[in-house]
Every structure is written in C-alpha cells, then in structure tokens.
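Here the structure comes first, spelled out in structure tokens, and everything after it is commentary.
Numbering (the UniProt record's numbering), first residue to last: 1 to 374.
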C-alpha cells in the first residue's frame, strides 16, 4: 500500500443529552475524522477520539493535530507498506500520542480490508456475527438514572455502567439495586477516589457489582493492587492501560481482575490485538470501551469486539445514544440486544462524507510527492 493523500476533518457535534462524569459535564464533542487515499483512489477512514481538554489522558484535539501533521503523516507518506501492523511498527519510534496514532492507523486498517475484499472484523481475526453490548449512564439524580435504565433494558442492553463520584456512589448504587437487584451493573468514577477511600469502596461489595472501573489515578498500580486485596468486587483498569506493558505491570502486581481495551487509548487496532492475545493467554477478562465516538470509530470497536477474547459486553451503544445523525449508514443499532458485525469490505458501512464536511470546523489536506521507496 502507498498512501497518496490524507485529509483531516476537525468536526464538532452536539450530544443529544449532556454527558456528566466526575470530571465535568459535556454538551458537544470535537473529534478528528481521518481520510486516506491510496495511489488508485481507494479510501479508508479513521477517527481520532481525543477530547478537547486533557481530562482523560494528556492528549487533546490540538496536540493530536500537531503530532499528525508534523510526525505521523510524514512517516506514513515516507514509503509503502504491506500490512497495517507495519504502520504501528513505524509509529513505535515516537512516544505516546496514542489517539493520534490510532486514528491514522484505523484508516489504514479500513483501506487494507477494502483492498483485500474482506471485512475489518475478518482482517482483525474476529469470529462473531453479533456482539452483546452495554450502555453508559452519566451522573444524574438517582430517579432519573432509574428511568434511563428502564428504557435501556427495554432496548435490550445487557450491561449497565453507572458514572458516579465518591460523594454519591452509595446513594446511586443502592437506589438502582433496590429496583434492579440482578442486572449486570458496574460503576466508573474516572479516578475520583483515593486510597483513603478504601473503606467507602468496601461498602460497595454488598451490591454484587460486575466491577469498579478505574477508582484511582492512572499511574497508581500499587494503590489499585492494595485495593483489590481489600475488596471482593473486581477492579477494572481503564486510564491506567495505555500499552501492553501497562497490562503486564497490572498483572504482576495483581492490581486488577478485568481490563478495558480502547483502541484510541492504546495506540490503535494492532496494539489492541496484541493486548487481546496477552489477556487471553493470562485468562484476564477484557471488554471494549467507548469514547463517545462517532460511528466510524464505533464500527471499528464492533469489529474488535468480535475477537473471541472479548467476553464482557462493551460500551458499544447504538448511534442514537449520543447523536441525532451519525456519520455512517446504516447507523449502529441494537437488534434483540445485540449489534451485528458488518460483513462488507472494510468498515462495512457507508461513510457520510457530505455530512462530515458540513460539520467540519477546519479541513487539512496533505498530498505525498515522495516516490515509492521499498
């Protein structure tokens, strides 16, 4: 493969409903859509899922634009490659900036799958025709969260993640458990707790939670290991996991029992496959997390979740969960509580480039003038 042209679309869309976490409330979402063209005009799409502010990781939309323009796009233009994993290998010379890497590499995976007339899921090694999915419910008054859960149960969702803070966790979880004592329920406080809160977290054991996601800071592996010894509820690491090496550290320290895999956070689909294979070998349960992304990234997550090691329903809700209009057709939808894995070449859906251009705040275009180098 030889990439001849790359476009970056800096887009912004309003969320259907404001999304509230322990970090803050968000009413709109910026992201970067990546479009690549090979020498024959075949295209591939990806998405940079960084946020506008560095509250999730240190990466932002603006830092991603910088690293894409000045480092990753030039190195992708430099010479042709045979497989998307070759791109991930090239990117290894640069530290961090996982979401920028993932957005560009995701477009390469789409292009590669199209050129080989296979689905992205098939290219990744997936073997499922459909996947069970979960949904995330942002912080709100407990009664409002109950109403959301009731609606999502009707829609067929099979796992429920509740955003909480350490100020309201017990109230929210107890209210939900009183009404729904058996649903698969987990909480996520996005690092809102500290090690001094272990007694508070121990109280949550009574609710038979599926897991507690990322209770402490992203580099606090030792503190998570101490917590996991103290509570029966499984600890799941999210922000802590930016690489396979992070999982190896967590495994050796017994810092968690479950891992969330997000391609944007770990540097792309190639790295996600490596993590999947390691976790299968070590019998670590894994699931695919979401980033309030558009359908482009969400379909990539669906393809990834079709790999056999992903056994827990992931954060792969329907397009209608966040968007009035998604960027793909057909949109991601639930059928009997499942999302079908597309079987067409590449993403297996049509990308609405007209809409992408209409909601773009800025468009950047790059053309390679480099001759083919092997």
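In this text, a Cβ means the ideal position worked out from N, Cα and C, and glycines have one as well.
Exposure label - residue i; buried when at least 16 CB within 10 Å
i           : result
residue 324 : exposed
residue 318 : buried
residue 373 : At residue 373, the pLDDT of 38 sits below 50, so the modelled position is not reliable and the matter cannot be decided from this model.
residue 377 : Residue 377 lies beyond the stretch modelled for the chain, which goes from 1 to 374, so this question has no answer here.
residue 70  : exposed
residue 144 : exposed
residue 357 : exposed
residue 114 : buried
residue 124 : buried
residue 117 : exposed
residue 87  : buried
residue 84  : buried
residue 94  : exposed
residue 91  : buried
residue 265 : buried
residue 109 : buried
residue 250 : buried
residue 371 : Note that residue 371 has pLDDT 46, beneath the 50 cutoff, so the model's placement of it is unreliable and no number is given.
residue 361 : exposed
residue 267 : buried
residue 294 : buried
residue 245 : exposed
residue 263 : buried
residue 329 : exposed
residue 74  : exposed
residue 260 : buried
residue 136 : buried
residue 62  : exposed
residue 161 : buried
Among the options, the one whose alpha carbon lies nearest that of residue i
i           : options            : result
residue 326 : 334, 355, 341      : 355
residue 367 : 152, 39, 196       : 39
residue 19  : 291, 365, 348      : 291
residue 225 : 204, 244, 242, 194 : 194
residue 36  : 351, 168, 274      : 351
residue 102 : 240, 77, 305, 297  : 297
residue 375 : 108, 13, 130, 48   : Outside the shown range of the chain (1 to 374) lies residue 375, about which nothing can therefore be said.
residue 13  : 30, 340, 332, 231  : 30
residue 364 : 9, 47, 154         : 9
residue 140 : 196, 167, 122      : 167
residue 332 : 303, 359, 307      : 303
residue 42  : 138, 135, 6        : 6
residue 15  : 4, 23, 27          : 27
residue 1   : 89, 106, 73, 112   : 112
residue 23  : 239, 55, 273, 3    : 55
residue 345 : 310, 309, 315, 299 : 299
residue 142 : 79, 156, 165       : 165
Residues that residue i bridges to, as DSSP identifies them
i           : result
residue 117 : Its beta-bridge partners do not exist; DSSP assigns none.
residue 105 : Residue 105 is not bridged to any residue.
residue 43  : 37
residue 28  : 14
residue 287 : 260
residue 217 : For residue 217, which the question treats as bridged, DSSP gives no partner whatsoever.
residue 211 : 186
residue 376 : The requested residue 376 does not occur in the structure, where the chain is confined to residues 1 to 374.
residue 376 : Since the displayed the chain opens at 1 and closes at 374, residue 376 lies outside it and no answer follows.
residue 236 : 213, 258
residue 314 : 133
residue 328 : 351
residue 302 : Beta-bridge pairing links residue 302 to no other residue.
residue 48  : 32
residue 335 : 338
Whole-Å CB distance - residue i paired with residue j, under 8 Å assumed
i           : j           : result
residue 173 : residue 187 : 6 Å
residue 212 : residue 180 : 18 Å between Cβ atoms; not a contact.
residue 175 : residue 209 : Actually they do not touch by this definition, with Cβ atoms about 14 Å apart.
residue 347 : residue 45  : 7 Å
residue 191 : residue 216 : 6 Å
residue 257 : residue 132 : Actually they are not in contact, since the Cβ atoms of residue 257 and residue 132 sit about 20 Å apart, beyond 8 Å.
residue 253 : residue 221 : 5 Å
residue 59  : residue 97  : 6 Å
residue 214 : residue 255 : At roughly 11 Å, the Cβ-Cβ gap does not stay under 8 Å, so residue 214 and residue 255 are not in contact.
residue 65  : residue 32  : 7 Å
residue 121 : residue 306 : 4 Å
Residue i Cβ short of 7 Å to the ligand SAM heavy atom set
i           : result
residue 245 : The ligand content of the structure shown is nil, which means the ligand SAM is not present either.
> If you scan the stretch 131 to 198 from start to end, which runs of the beta strand (DSSP E) of 3 or more residues do you find wholly inside it?
Replying inline: 134 to 137, 159 to 163, 185 to 188
> Fully enclosed by the stretch 337 to 372, which beta strand (DSSP E) runs are 3 residues long or longer?
Replying inline: 338 to 340, 360 to 367
> Taking only runs of the alpha helix (DSSP H) that begin and end inside the stretch 58 to 99, which ones reach a length of at least 4 residues, in chain order?
Replying inline: 61 to 67, 73 to 78, 84 to 91
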